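In the numbering used here, the protein residues as written are 412 to 977. Heads up, the beta-carbon is just placed ideally off N, CA and C, and yes, glycines get one too. Bear in mind that the values here come from a model prediction, so they are computed numbers and not experimental data.
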């Protein structure tokens, strides 16, 4: 960009020393009607800060009331005053502490208090928020819309894996106040000149430690170089779950005299989340996972793994075994990831198998269990993983499968969380290859009863379970099998009819009918015995769905190493 180009650009209006010193601020116009702070009653409590205490605009308080907030969380109480005074901030807080609402409250208040009178160009945001993952960026944008709905604040999300043209059209609809983006997609829009960051007033770098670990820092540097200079021209807010040397070095480069806020809870996990570690071998993990979900009747669980290919294989295997499972990882297209998350929220998906890409910034109500199929290599990730359950005061359970490959990570997790893990061996029943016999018999008996009612007029079953099926005779009936194929079946199997055929004498129709009735009565009695003893051969040639179910149960019992079919 040449100097001439810069001179023709809209210059940022000076926000004045009063803002930097926290002085009086002019209130912008608001869309609030028939509402006043008197409608939002929050009693004063010692040791707690109310949002009323920060002189927020009515539009902000109204939106806060709609979201059900009353008192500030520690990170909100510690940062709001400095943010409203225009100071740079570096904040340390774990997930679920309300840091997103903390910086959005300050930002939207600033946009209300300092409106721009002149006409603005499209694609020139006043606020830029950079997040490491698509899900987190979309969540922040959604929160911005909720908090700014009474102030006519526009928020747009630019993330990879979604329709580029649709995002471009959103930028052209109206002037953008808040732009939330992942680094890669934002650079694409900047290079195509669809987005101009020269007039950014507030820059937020959320989960900077995550961006560092994911290798996004070079992209972030490229983005920051497109924004105004730090200090008077740009307020910078940096949030991280950790304050490592690298993070502090970056903070020093991108901020000026920042206010440092650290919210360090006594324990990084809450008492409403039970934490259990099952000690197993790596070969036992899958059987334990499948059986644990079934036995406990779990309907909404997130299973975390460390590698994409491993989580992919795990999700496919669970789905083949009859569980409503889906994969959530970085390789999944964004539109499919959004559909998957929505299906998980609605209960269409029972098991969400995920990498740590879903461990931060995803808010899904009703998750009762988090299972660490593989222990995280970074203890911080454990805190973020189990934070997906036990939200909003609900109870939750964290279950870890520790084997010879990752059990050495347990002490590090205990140090990080400040909680002694409850390590135990699972019940032997949870490690079985097949379902318990009682369950299998009940399933077979129920299926057999339905099948007998549906196919009694079409098929005959041998009188004894020990009798091997004979080769089809000339006179056969073809009935559909459970898989939709066809199987031949003997229409007359009595010993009397065979002897008559061998002697060359034809049985009359009355004798055949009597023989059929006797065989049918004997068949029904033997069929019931077979179902109770879980021997599937008695119904294997009936040509109905019960046949296949019974065969599966018997085969699985005869071959302990085989996996059950569901």
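Q) In the structure shown, what three-state DSSP assignment does residue 595 receive? A) helix
Q.
Please give the ranges of any alpha helix (DSSP H) in the region 678–740, keeping only runs that are unbroken, at least 4 residues long and fully inside the region.
A. 696–706 and 719–731
Q. Hey, residue 552 and residue 591: beta-carbon distance below 8 Å or not?
A. yes
Q. By Cβ distance below 8 Å, which residues in the same chain neighbour residue 827 in space, the five residues on each side in sequence not counted?
A. 679, 790, 791, 793 and 794
(Q) Since residue 573 and residue 746 should fall inside the 8 Å C-beta cutoff, what is the C-beta to C-beta distance between them, to a whole number of angstroms? (A) 6 Å
Q) Does the region 580–599 touch the region 531–548, meaning 3 or more C-beta pairs lie closer than 8 Å? A) yes
Q. Leaving out five residues before and five after residue 517 in sequence, what residues of the same chain have Cβ atoms less than 7 Å from its Cβ?
A. 491, 494 and 495
Q) Of all the options 626, 808 and 580, which has the alpha carbon lying nearest to the alpha carbon of residue 606? A) 580
Q: Name the one or two DSSP bridge partners that residue 647 has.
A: 614
Q) How would you write the range of the alpha helix (DSSP H) that residue 488 sits in, first residue to last? A) 485–495
Q. According to DSSP, which residues form a beta bridge with residue 795?
A. None, per the DSSP bridge assignment.
Q. Does the beta-carbon of residue 861 have 16 or more other beta-carbons within 10 angstroms, so that it is buried, or is it exposed?
A. Residue confidence is low: residue 861 scores 47 on pLDDT, short of 50, so the model does not pin down where it sits. Its coordinate-derived value is still stated next. Its Cβ having fewer than 16 others within 10 Å, residue 861 is exposed.
Q: Please report the Cβ distance between residue 649 and residue 743, rounded to the nearest whole angstrom; I am assuming they are in contact, meaning their Cβ atoms lie under 8 Å.
A: With 8 Å as the limit, residue 649 and residue 743 do not qualify as a contact, their Cβ atoms being about 29 Å apart.
Q) For residue 451, which residues from the same chain have a beta carbon less than 7 Å from its beta carbon, with the 5 sequence-adjacent residues on both sides left out? A) 472 and 476
**Q.** Outcome for residue 487 when other beta-carbon atoms lying within 10 angstroms are tallied against a minimum of 16
**A.** buried
Q: Look up residue 443 in the DSSP assignment and say whether it is helix, strand or coil.
A: In this prediction, residue 443 scores a pLDDT of 45, lower than 50, which makes its location untrustworthy; no coordinate-derived value is stated.
Q: With DSSP collapsed to three states, give me the class of residue 460.
A: coil
Q. Among the residues of its own chain, which have a CB less than 7 Å from the CB of residue 633, if the five just before and after it don't count?
A. 598
Q: List the endpoints of the continuous alpha helix (DSSP H) containing residue 548.
A: 545–558
**Q.** Residue interval of the beta strand (DSSP E) (run including residue 780)
**A.** 780–783
Q: Taking 8 Å as the cut-off, decide whether the C-beta atoms of residue 603 and residue 585 are in contact.
A: no
Q. Residue 624 lies in the alpha helix (DSSP H); which residues open and close that run?
A. 619–624
Q) residue 699: which of 725, 837, 569 and 721 sits nearest, CA to CA? A) 837
Q: Give the DSSP bridge partners of residue 602, in chain order.
A: Looking at the DSSP assignment, residue 602 forms no beta bridge with any residue, so it has no partner.
**Q.** Simplified DSSP assignment, three categories, for residue 744
**A.** coil
(Q) For residue 483, tell me which candidate among 499, 811, 511 and 806 has the shortest Cα-Cα distance. (A) 511
Q. So what does residue 807 bridge to, in DSSP terms?
A. 684
Q: Indicate whether residue 647 and residue 620 have their beta-carbon atoms separated by less than 8 Å.
A: no
Q: Please confirm if the region 808–820 is in contact with the region 687–699, defined as three or more CB-CB distances below 8 Å between the two stretches.
A: yes
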